[in-house]
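Chains A and B are the protein sequences, given in the same order. Reminder that position 175 of the first sequence reads as 174 in numbering that gives the first Met the number 0, one-by-one numbering, no gaps. Reminder that position 74 of the second sequence reads as 73 in numbering that gives the first Met the number 0, one-by-one numbering, no gaps. Below: the structure, in structure tokens.
Protein chains: 2
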Amino acid sequence: MAQDEFAIIEQYFSNIGNSAGPASVGIGDDAAVVDTTPGNQLVVSIDTLIGGVHFSPDTSPADIAYKALAVNLSDLAAMGATPAWFLLSLTLPKFDSSWLSQFSNGLRQTADLYSCQLIGGDTCRGELSVTIQIAGTVPSDQYVTRKQARPGDLILVSGELGNAALGLAHKKGEVELPEEHRSKCLLALNRPQPRLELAIFLREFASAAIDISDGLQGDLAHILQASDCGARISRVAIPVNSWIKQQDAYQYALGAGDDYEICCCVAADFKTEIDAWNSEHPDCRLTAIGEITESGYFLRVGENLVDLITARGYRHFD
Amino acid sequence: MAQDEFAIIEQYFSNIGNSAGPASVGIGDDAAVVDTTPGNQLVVSIDTLIGGVHFSPDTSPADIAYKALAVNLSDLAAMGATPAWFLLSLTLPKFDSSWLSQFSNGLRQTADLYSCQLIGGDTCRGELSVTIQIAGTVPSDQYVTRKQARPGDLILVSGELGNAALGLAHKKGEVELPEEHRSKCLLALNRPQPRLELAIFLREFASAAIDISDGLQGDLAHILQASDCGARISRVAIPVNSWIKQQDAYQYALGAGDDYEICCCVAADFKTEIDAWNSEHPDCRLTAIGEITESGYFLRVGENLVDLITARGYRHFD
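This is the structure in structure tokens:
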């Protein structure tokens, strides 16, 4: 039974993702070699998921693999990029062939689903953690950052916010979620969908974008800071499930993390294009929740304006 | 005092490495954007160093930063690549401004020394570990793998082997190293020099190369396996310090790790070029230790031939 680093890589991690991918040299050498394409730029990101911090110990290996890749894919989506390849650094407390099989199968399915090739990696012994470094491509200078939001831009979010946080709260026993919401919320927690279909839309129409990993309130604040402007958003406009609406539990949508939906800013001139997007993509609807202003950061709640200027999302070292 | 992820990245990790580097978008967005250069391929690698596994808890933060980057640079060197940029994922048990300052200063010095720009990253809370993903470039199709060694090729190694392992053994109290060897061995352990100067030589003359991270014996075996050939090496030819020679302690050079020297195979026709390299690079001498054969894997020790076919270097899951 394979127990050393090289055998683990060979047995579990070769041929993950499209084998006709961009790598001239893939897994099994000191480094991988990838072709770059003229007229494109490379978009790269790295994210680590740690057992007990980013996922609970009882999370299935396939779900861990899925999420580790999905959160990186979500970063690419927010930049307007198309996935190309990724590297994996996997730290495990001990050799466990059943765990590795499930993990590598989950990774393989996810890599196939999003057409992204595993081209290299590293395995170590230690506390369970998964680091994925991903690369995508974007036509030169069409990438989308957080920096170009302008007063008057509409603020849009994809999908529904708060489901993952609610799924986590249910799992922890903090809320008793009715059965009709459970599977959707647990799916949002364990299998967040990176919004890669939005990349083309963002490249064409968005002035700024971010993926919502730490909560809308804090992540939109990053756009405001990077773009040096303000925002006014409306709580009632935030797309949430009916339980959050009924319970007035918007903290799950505003202050909690793990949504991996996209928040973007689009000039109001593009309303027609937004409507066209929504009619063609009912599963990835964009909802306008407010607009970019010169300064300040406010949330309209009924007749009141709540000052969000000191709003903070989830911080890893708080 | 900065304590959250975003402030840590801003305060400690912005502007590390050449600011005129390849990134159009650097630290502070969902991902970084890098320009790719026509006629070049990208060479990418990822390596994780874990506290208590890859370095002892008393290692200085600057030495950890140095080594985390150096081991990745060493992978690039072995492929014949020139460093371009890197991403950092840093996991820390707690916020510690003194540790972070020393770590980021060490990283900055190393990045400057080897002209490699930090363009993005991630920080998490957990057991101390440092993952670096590095990218370099190589003129298209001039990369060097482990696969093309041919019978008759000379087997060469750079520098001196075993010093890092000996430094570690001394630190652990397993050997009493005479004072004249200590500083060199501890330097080899904490500040291994990635042999980037060799990249051009390898591109031009080497049929195969690997960086020696797990011990010569095991790492050369990787070349033999990938190239489907054998080797005969001579123990007396292995470049080691005088203590190893006197003590007949070649296990430090053969079976221990962390050398980060290069082992490469070069056709015997290029003896003149090897000599020219050595006279021009006295600090990065290449020493011939044997030759590639059709099959088998033997070490000459005096009059005897030791069969190394079952030889194994350090394995992370043994």
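Beta carbons: idealized from backbone N, C-alpha and C, even for Gly.
- Take A:A168, set aside five residues on each side of it, and the residues of its chain with a beta-carbon closer than 6 Å to its own are V174, in chain order.
- Here the alpha carbon of A:P138 sits roughly 34 Å from the alpha carbon of B:P193.
- For the C-beta of A:D121, the chain B residues within less than 7 Å are, from N- to C-terminus, I45, D46 and T47.
- Contact with chain A is absent for B:S100, since none of that chain's Cβ atoms lies less than 8 Å from the residue's Cβ.
- Using a C-beta cut-off of 8 Å, the segment 43–60 of chain B makes no contact with the segment 49–69 of chain A, since fewer than three inter-stretch Cβ pairs fall below that distance.
- Between the segment 124–136 of chain A and the segment 210–228 of chain A there are fewer than three inter-stretch CB-CB distances shorter than 8 Å, so the stretches are not counted as touching.
- Your pair A:I308 and A:I232 does not check out as a contact, with CB atoms roughly 13 Å apart and the cut at 8 Å.
- Judged by DSSP in its simplified three-state form, B:V70 adopts helix.
- For B:F297, same chain residues with a beta-carbon under 7 Å away, outside a window of 5 residues either side, are R231, L304, V305, D306 and L307 in chain order.
- Distance check between B:Q250 and each of B:G217, B:I222, B:Q224 and B:T144 places B:G217 closest, using alpha-carbon atoms only.
- For B:T109, the secondary structure class from DSSP, reduced to helix, strand or coil, is helix.
- When the five nearest sequence neighbours on each side are left out, the beta carbons in the same chain lying within less than 7 Å of the beta carbon of B:A22 are those of A31, V32, V33, W84, Q116 and I118, in order along the chain.
- Rounded to the nearest angstrom, the gap between the Cα atoms of A:F269 and A:F204 is 7 Å.
- 8 Å or more divides the Cβ of B:A248 from the Cβ of B:I237.
- Cβ atoms of B:L197 and B:A76 come within 8 Å of each other, at about 6 Å.
- B:L72 and A:I63 have their C-alpha atoms some 29 Å from each other.
- Judged by DSSP in its simplified three-state form, B:V300 adopts strand.
- Per DSSP, A:G217 lies in no beta strand (DSSP E) segment; the continuous alpha helix (DSSP H) that holds it begins and ends at L215 to S226.
- For the segment 13–40 of chain A, residues whose beta-carbon sits nearer than 8 Å to a beta-carbon of chain B comprise S23, V24, G27, D28, D29, A30, A31, V32, V33, D34, T35, T36, P37, N39 and Q40.
- Uninterrupted beta strand (DSSP E) stretches at least 3 residues long and entirely within the segment 158–224 of chain B occur at 205–211, given in chain order.
- Judged by DSSP secondary structure, B:L91 falls within the beta strand (DSSP E) whose first and last residues are T81 to L91.
- Interface criterion met: the Cβ of A:D210 is under 8 Å from a Cβ in chain B.
- Taking 8 Å as the CB threshold, B:A77 lines the interface with chain A.
- With fewer than 16 other Cβ atoms from the protein chains shown falling within 10 Å of its own Cβ, A:A275 counts as exposed.
- When C-alpha distances from B:T122 are compared across B:D74, B:K66, B:I7 and B:Q101, the shortest belongs to B:I7.
- The beta-carbon distance between A:S206 and A:V265, rounded to whole angstroms, is 7 Å. This is short enough to meet the 8 Å contact definition.
- Only buried fits B:G105, as 16 or more other CB atoms lie within 10 angstroms of its CB.
- Straight across, the Cα-Cα distance linking A:G125 with A:L91 is about 5 Å.
- Per DSSP, the unbroken alpha helix (DSSP H) holding A:T271 starts and ends at K270 to E279.
- Inter-residue distance for B:L223 and A:I273 is about 58 Å (C-alpha atoms, whole angstroms).
- Where A:Q250 is concerned, the enclosing alpha helix (DSSP H) starts and stops at Q250 to L253.
- A:E279 counts as exposed, since fewer than 16 other beta carbons sit within 10 angstroms of its beta carbon.
- Within the same chain, and ignoring the five residues on either side of B:A69 in sequence, the residues whose Cβ sits closer than 6 Å to its Cβ are P191 and P193.
- The contact set of B:D74 on chain A, defined by CB atoms closer than 8 Å, consists of D29 and A30 in chain order.
- Residue pairing from DSSP places A:V156 in a beta bridge opposite A:C262 and A:T286.
- No Cβ-Cβ contact shorter than 8 Å links A:L176 with A:P82.
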